[in-house]
Amino acid sequence: MLAILQIPIFDFRSASGAAESKLANPSWPLPLVNRRPFIRRFGKVYQRLQGGVDDWAGEEFYCDATNALQYVALQDQRFKMDDKHSQQLKSIFRRFYSDGQFVNKIELGLRDRFPFLYADDKLPVDLKTIFKNILQLPVKVSGQQVSLIQAGRQLATLFQQATTRHKTAPKPGLVQEGEICLMAIVEQGENYSIPSEAHAIKSFPSIELFGYILYLQDHYIKCWIIRIPTGGFDQGSPANAILRNLRINLMRVHAEKETIKGLLNAVQQRRIDLDSKEVNTTLLAKYLKDTGEKLFSKKRSGIEQESILDFALRSETEVLPGDTLAILVQKLNDRFAVITTQNFVDRSKPMDKKLLLFLCSNPSDKNTLDFGEELKIIQKLHQSSTDRAYFQIAVRTGVEKEELKELLVQNKPDILHIVLHASPVKGLYFQDAQQNAAPMDVEEWEDIIELQQAIRRPSIIILSACNSEGHARAAKPYTDFSAGTTTVFPDQAGIAYARGFYTILFNDEDTGPNICHRSGVVEIKNRKPPFDAINGIDVYNIMQTF
């Protein structure tokens, strides 16, 4: 396996009043290597052995970035894979690339040392584990030790310092880091498993491409996984030519995306003030127009782009806050640049996420429910999960009976989790406008869920309420998974069930709700101190699926 990690660094000094403070050498994108150019505190500039690519400037030459980033005892960093084997990585390259204008990137190459992974009798290693190990490698930048996932800020600062003229104070906010992109290229004979959440993006002759979003330490990491034939790295193999173009293209698209996003945010935050005479709006417009023509071309390097761009340009955060686009329309005076920007914004909308709608109701004439602790557990598990990018949580407390249908229609939840009191006779105890109990019987509940299924079918319904079996059974025809209780169900049991259920769901969404349910039951069963049986029933058997 070859892993490549990219840290984008966008630099808007050349379009601002800080242009003259930036060093002119190396003369990117075509530095004169015969003059032995270098970037101080980074390294020397070299020409790529196989040259660049036709579509993107700045891919033919690179600066050795060995001095900018050092691994901390990489040879000693081992990560346990199974009882007998551990992971060890070898550094292949550390390079800095620049288009000479706004786009810069640091790319790190790492190769594994896992000959045992080719053996058929070994359990496959999840690439998700490998990605986490790489991102948490300890490194040093400017003498400061950080994990690799946190190194972008220091590298951007170091780059700005290294390329600013002496006795000139760097202007803040114009050189910043983008989000990391990670790529893994695996041969078909290697015993890795692709994360179940990864999306199959495209297939080429003998090559498969997958996209995956990993959430780690408050970062959304876009991961590309390329599976090639055994021997596909060999220079003469048919797959190698496709692989090289694909690899360079994917990484460059990410760097351009992060640069455009950085530019829009800089305008919105007025780090780039388009009203200032010092700002070169012509240069900004030209960049947006030229980059848009390349990004949105139907084919590049012989590779169809549409399905790739759907994943590559998607952002996990809002790309264009405020009225930035309107400002650009007014100031740039370039119709094609504006069209490009609008197209980029439209393609960069955050990915669709599964919505978990958490509803609770606690009428004043009923015992107080500890729904806050159950919600807190769910939110904490979501925040710390590896698959956080695939879920979002909406919460509504004090739900009135009359507004349930409206809440479901408005939110269209994929997962519905309800916490309240219930009676085997009167039903689910919502509340009315005066906070008095307003019970909902099985028939009314079923009518609402049947209607919701026609609008958007919820995949999971959990009724964390005493005596909710009848309502759970009624919901079953209209959902893929329905869980409710057969008798009284303690608050603490609901909390334990939620912990077990969502620990699995948020970290491996494709496992399926039945296994999540089993995890919830096990969590109740293993609670210390254990629950006392209720009406002769073990508490871990009270929450049932129907």
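For the sequence shown, my numbering begins at 30 and goes up steadily by one.
The beta carbon of each residue, even a glycine, is placed where N, CA and C say it ideally should be.
Ranked by Cα distance from Ile257, the options Leu243, Leu238 and Gln165 are led by Leu238. The Cβ-Cβ distance between Leu139 and Ala32 falls below 9 Å. When secondary structure is reduced to three states using DSSP, Ile478 falls in the helix class.
Rounded to whole angstroms, the gap between the alpha carbons of Cys92 and Gly129 is 13 Å.
Secondary structure at Met30: coil, using DSSP grouped into helix, strand and coil.
When the beta-carbon positions are compared, Leu342 and Phe387 stay at least 9 Å from each other. For Tyr526, no beta strand (DSSP E) encloses it; the enclosing alpha helix (DSSP H) starts and ends at Asp520 to Asn536. For Leu184, the CB contacts under 8 Å within the same chain, skipping 5 residues up- and downstream, are Ile36, Ile38, Ala97, Leu98, Ile135, Val170 and Glu206 in chain order.
Under the Cβ criterion (8 Å, minimum of three pairs), the region 172 to 179 does not count as touching the region 192 to 199. Per DSSP, Asn362 lies in no beta strand (DSSP E) and is assigned neither H nor E. Contact fails between the region 357 to 370 and the region 260 to 274, because fewer than three Cβ pairs, one in each stretch, are under 8 Å apart. Rounded to whole angstroms, the Cβ separation of Leu445 and Pro506 is 15 Å, and the two are not in contact under 8 Å. In this structure Val282 touches Leu324 by the C-beta definition: roughly 7 Å separates them, less than 8 Å. A straight-line Cα-Cα distance of about 40 Å links Cys389 and Leu338. Each of Arg485, Thr508, Ile277 and Asp40 was checked against the Cα of Arg182, and the nearest Cα belongs to Asp40. Taking a cut-off of 8 Å for Cβ pairs, the region 240 to 249 and the region 402 to 422 touch, as three or more such pairs fall below it. Excluding sequence positions up to five before and after Ile163, its CB lies within less than 8 Å of the CB of Ala32, Leu34, Leu118, Leu139, Leu177 and Leu211, all in the same chain and listed in chain order. Beta bridge pairing from DSSP links Phe239 with Ala229 and Ile254.
DSSP places Ile209 outside both helix and strand once states are collapsed to three, so it counts as coil.
Between Glu219 and Met30, the C-beta gap is smaller than 9 Å, which places the two residues in contact. The alpha-carbon separation between Arg69 and Arg77 amounts to approximately 20 Å. Selection Glu475, Gln481 and Asp509 evaluated against Ser497 yields Glu475 as nearest (Cα-Cα). Burial is judged here by how many other beta carbons sit within 10 angstroms of a residue's own beta carbon; Ala102 has fewer than 16 and is exposed. Between Ala44 and Lys378, the alpha-carbon positions lie close to 27 Å from each other.
Between the region 268 to 276 and the region 284 to 294, the count of C-beta pairs closer than 8 Å stays below three; the two stretches do not touch. Taken in chain order, the unbroken stretches of alpha helix (DSSP H) that lie wholly in the region 461 to 508 and span 4 residues or more are 471 to 484 and 498 to 504.
In the three-state reduction of the DSSP assignment, Asp128 falls in the coil class.
DSSP places Ser413 within a helical segment (H, G or I) once states are collapsed to three. Under a 10 Å Cβ-count criterion, Asn294 is classified as buried, with 16 or more other Cβ atoms of the shown protein chains found around its own Cβ. Counting only runs of 4+ residues, no alpha helix (DSSP H) is found wholly inside the region 370 to 394. Contact check for Phe530 and Gly549: beta-carbon distance about 4 Å, within the 8 Å limit, so the pair qualifies. Residue environment analysis places Arg65 among the exposed positions, since fewer than 16 neighbouring C-beta atoms fall within 10 angstroms of its C-beta. At the C-beta level, Phe340 and Gly240 come within 9 Å of one another. In the three-state DSSP reduction, Asn294 falls in the helix class (H, G or I). In this structure, Ala213 is the residue among Ala227, Ser232, Ala213 and Thr95 with its C-alpha nearest to the C-alpha of Met280. Only buried fits Pro442, as 16 or more other CB atoms lie within 10 angstroms of its CB.
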